[in-house]
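Just so we're aligned, residue 8 is where the sequence shown starts under the numbering used here, counting upward by one. So the structure is just underneath, and the comments pick up after that.
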Amino acid sequence: MVLLLVVDGANVVGSVPDGWWRDRRGAAERLRDGLVPLAEEGIPGHPGPVEVVLVVEGRARGVRAVPGVRVEEAPGSGDDRIVELVRENAGRSAVVVTADRGLRERVAALGAGFVGPRAVRRR
């Protein structure tokens with residue numbers, strides 16, 4: 008079974024001060040598009056293919072999926088939706104992309120791994 012790679016969209020977008028706050032949906036779309044190659048390539052330590060899921064919340068909602076990246080809109084907290092996704096995929100290898108310590112602790116308690124935003128951000 009392929010690795011589940013769950014990306015905390017708000018956290019990863021917010022990790023680079025590039026004006027994302029002026030257009031949250033546009034920033035999430037740029038992130039989504041940058042994640043497409045990871046579906047085949049994987050991330051350091053986890054070769055592809057991987058299933059990539061981008062979780063968006065708030066004003067970033069409305070981002071559509073593209074081939075290689077599924078988009079999940081969090082009805083409330085993005086962190087809560089990420090934890091639900093990990094829980095729903097219990098028994099499957101999962102890695103969450105976030106710098107949020109609290110979220111890292113929550114998903115680690117469910118057996119998932121985690122990496123920081125640099126693992127998926129391309130310059």
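From the three backbone atoms N, C-alpha and C, an ideal C-beta is built for every residue, glycine too. Owing to the predicted nature of the structure, the values given are computational and were not obtained by experimental measurement.
Counting along the chain, no alpha helix (DSSP H) covers Ala-97, and no H or E run does either.
Glu-36 has its alpha-carbon roughly 13 angstroms from the corresponding atom of Arg-29. Ranked by Cα distance from Ala-34, the first of Leu-11, Val-13, Met-8 and Gly-69 is Gly-69. Taking a 10 Å sphere around the C-beta of Asp-40, we find fewer than 16 other C-beta atoms and assign the residue as exposed.
Per DSSP, reduced to three states, the secondary structure at Leu-117 is coil, with no helix or strand assignment.
By the beta-carbon neighbour count (other beta carbons within 10 angstroms, threshold 16), Leu-92 is buried. Val-102 sits close to Val-122, with the two beta carbons spaced by under 8 angstroms. With respect to the C-alpha of Val-60, the residue from Leu-12, Gly-109 and Arg-128 having the closest C-alpha is Leu-12. Glu-80 has Val-63 as its beta-bridge partners, per DSSP.
The three-state reading of DSSP puts Asp-25 in coil, since its state is none of H, G, I, E or B. Excluding its 5 nearest sequence neighbours in each direction, Ala-119 has C-beta neighbours in its own chain below 7 angstroms: Val-93, Ala-101, Val-102 and Val-103, listed in chain order.
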